[in-house]
Each structure stands twice: as structure tokens, then as C-alpha cells.
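The letter at position 49 of the sequence shown is residue 49 when you use full-length UniProt numbering, and the numbering goes up by one with no holes. Using N, Cα and C, we set each Cβ at its ideal position, and we do this for glycine too.
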Amino acid sequence: MRWFPWRWFSDITLIGAGGFSAVYFAVLKPPYEVHDSVEDRIVALKVVDDKILNEIAVQSKAFNPVLFQGITVCESTGDMMMIMNLAEGGNLEDHIKRDPLADSEMESIVNIALRLAISLSSLHDDIGFCHRNIHPRNIIHADSEYFLVDYRYSTPCEEATAITRASKAHYGRVPYIAPEVRRGLYTTRSDVYSMGIVLWQLVSKVLFPASDALLEDPHIYRIEPVPGVPKWFEALYTACLEPTPQHRPNATEILATLTHYSKISVDEETDERKMTNYVAERRLACQKHEANLYQKSGAKIRPVTGLYVLSKLPSFEDHIKLSFKRSRYRTPNAK
């Protein structure tokens, strides 16, 4: 982990203050050439709190060095700050919202999914941690790649269930919370469930609003097979959403599947016209529903991450309209 003196930063501007820590825009200007050829560049400074200390511990394991650069201390406040590359492309949710057809080619979708699978496999297998809060706003675009971020609630895999049961609560967004979490269970397969929702969103381009709007009409935000998508990709996201955790693939199996198909032509199995028409229809239906709901009640539409008591955690299962095999997932090379 590298230390950067505060005087090396200029043009510091507040760009966001979420529920837990402030984030600043800054320009890093080393006065001389330093190790790894750090040059003048735009970075993000994130104020460290107790949860951010956990994020630093996970990020410094070096599986995500492109994002995490080091730490510094603000001379005026004494706040410790984490230095990260600024995500010039924003997050995946905002990217889909701005231009749902930007990454409509199946090859591009597979490459994004592959990058996420690499991050998840590294987190689970190399570091031994569960993420516990995977959703598209925690997937950012930087240096022409997508990265899984925000490890504030990450825990060692073997402790995840005990921590969930002890707290009797879970922090997250309803659509991405696996059904077993309501029973106080959390494993790596719970992360896989969250990833399955994201994989489906990569092809459907459906975005989920705040919980009240989301749960008001399960049909509008239903998760179903997307027309025109290759059968293997449909099978993959469906397997990730299996109700029984043991039936879901692990991160290594997800990575193996995506790696296998990334090496062959996937566009031949894709009907892009069907996919595009589906995306347009679903986007229009969601927009109409949210506009009507806001007009009637002024209900909050923007999605938020919340802390849910397990006994009161809303169910999302009625939204899922997929046919499950209810058996263990098999990778393409499995015999």
C-alpha cells in the first residue's frame, strides 16, 4: 500500500456524499517521478470510516490494483482518505440508463460478464471473502474495463452466515438479495445470486427502482427469459438464480463458462433484433409505470440501498419467472 502526501493533491472538489463517506475529485501531481511512473492524473479521494477500513483491507489484497492506488491524510481535517482512480465511465446502472443499446452485441456483453466473473472468482477463491452487496451501481467503468467495487460489507466467507445471524439484518438492494438471506444464511452462492441478476440485466437492460415502486407491480419488473439471447447464457443466469444455493454455480464455474464461450463466436447464436425489440418494450413499460406512480403518489423512484431487518426483508421471488432445473450446474466442459 502506498502513501501519498496531501500536498501532492490539488483542485479538490466534493463530488458526492453517500450514506457513509464523502468522495472528492482531485488532481494528483507528484513533484517528481515516483515508482510505477505515477503522472499527473485525476483521482477520487474517499474519506475513510470504519467500513472503508474494511474496503481498504480487501482492495489492498491487490486483485484490483487498477482502482485502489493508496492512502493520504487531509491536512485540514485529519481525515484518512483512500485514493482511487476516478471512474470516468460511471457505474453500470447509469451506463445502461443513459444508453441501453450501447452494449447490445453479445460479444460485448460476454466480455463485461467475464470481467465481473474474474473479480468475483478472485474475491471468493484467492482472498476468501464474500462481497455481500453486488448490484450495478457497485460495478464501475474505468480504464475501459468494468470492476466490482465497494467492499465495505465484505466478510470472510466462513464468517458470512454467522455475521448475518448475529446482526439479524442485511444491507443491500432488494432484487439482489438471495432468498436464503431471510433465513440468516449467507455464502458465496448468495453473491452468485446477486451476480445472476446483473447478468440478466446485461441482456434485458431492465433497471430496478426503489423498493416501493419495485414491489408495487411484480409483472413490470419480472425476470424472464430474454428473446434472442443464446441458450447457454440464459442457462447461466438462470442457474445463478436457482432457489437452492447448492444448485447455483460457484464463481469459478461462472468464469469457466464465460471463458469457454468468449473464445468462440457467440453472435451467431444471437438474434439481435429480438433482443433490441425486447429491450425497447421493457424500457417503455418501466418508464410508464414509474411516471404514473410518481404522478399519483410522488413516490420515490430512484433506487436506494438500505439496511433491512431479516424478518421484514421484502420478498422478490414473485418477480422471477424462470424455469429452474433444480440440480447442480454443469460447465460446458463437464462430463
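Item                                                                                                                                                                                        : Value
Helix, strand or coil for K168 per DSSP?                                                                                                                                                    : coil
Between M84 and F4, what straight-line distance do the alpha-carbon atoms span, to the nearest angstrom?                                                                                    : 12 Å
Around the C-beta of R189, are 16 or more other C-beta atoms found within 10 angstroms, so that it is buried, or is it exposed?                                                             : buried
In the DSSP assignment, find the beta strand (DSSP E) that holds V309 and state where it starts and stops.                                                                                  : G306 to V309
What's the gap between the Cα of P218 and the Cα of G78?                                                                                                                                    : 48 Å
Could you pull out every residue in the same chain whose Cβ sits closer than 7 Å to the Cβ of V304, ignoring the five residues on either side in sequence?                                  : A210
Quick check on the DSSP output: what are the complete alpha helix (DSSP H) runs of length 4 or more inside the stretch 139-199, in order along the chain?                                   : 160-167
Assuming L86 and Y171 form a contact by the criterion Cβ under 8 Å, report the distance between their Cβ atoms to the nearest whole angstrom.                                               : The Cβ separation is near 25 Å, so there is no contact.
What is the DSSP secondary structure of K263, counted as helix, strand or coil?                                                                                                             : coil
Assuming T331 and T257 form a contact by the criterion Cβ under 8 Å, report the distance between their Cβ atoms to the nearest whole angstrom.                                              : 5 Å
Please go through the same chain and pick out, in chain order, the residues whose beta-carbon is closer than 6 Å to the beta-carbon of I254, but skip the five residues on each side of it. : A117
On a Cα-Cα basis, can you pick out the residue from S167, E158 and R248 that is closest to I197?                                                                                            : R248
Please report the distance separating the alpha-carbon of F129 from that of Y151.                                                                                                           : 10 Å
Go through its chain and collect everything with a Cβ distance to H135's Cβ below 6 Å, but skip five positions before and after it.                                                         : R173 and Y176
Could you give the DSSP three-state label for K321: helix, strand or coil?                                                                                                                  : coil
Can you give me the C-alpha to C-alpha distance between A239 and P31, rounded to a whole angstrom?                                                                                          : 52 Å
What do you reckon, are the CB atoms on L185 and T161 nearer than 7 Å?                                                                                                                      : yes
According to DSSP, simplified to helix, strand and coil, what is I42?                                                                                                                       : strand
Going by DSSP in three states, S211 sits in which element: helix, strand or coil?                                                                                                           : helix
Note down the Cα distance separating S37 from K29, rounded to an integer number of angstroms.                                                                                               : Unreliable positioning characterises S37 in this predicted model, as indicated by a pLDDT of 49, which lies under 50. A coordinate reading is not provided.
Considering Cα atoms alone, identify which of K231, K205 and G228 is closest to R222.                                                                                                       : K205
Reducing DSSP to helix, strand and coil, say where S315 ends up.                                                                                                                            : coil
Please report the straight-line C-alpha distance between F324 and E242, rounded to a whole angstrom.                                                                                        : 6 Å
Which class does D126 belong to by DSSP, given the choice of helix, strand or coil?                                                                                                         : helix
Pick helix, strand or coil for T257, following the three-state DSSP scheme.                                                                                                                 : helix
Go through its chain and collect everything with a Cβ distance to A285's Cβ below 7 Å, but skip five positions before and after it.                                                         : I220
For W232, write down the residues that DSSP places opposite it in a beta bridge.                                                                                                            : Beta-bridge pairing links W232 to no other residue.
Please list, in chain order, all residues of the same chain as E269 whose beta carbon is under 6 Å from its beta carbon, the five residues on each side excluded.                           : P230
Would you mind reading off the limits of the beta strand (DSSP E) that contains I83?                                                                                                        : M80 to N85
Buried or exposed for S297, going by 16 or more other Cβ atoms inside 10 Å?                                                                                                                 : exposed
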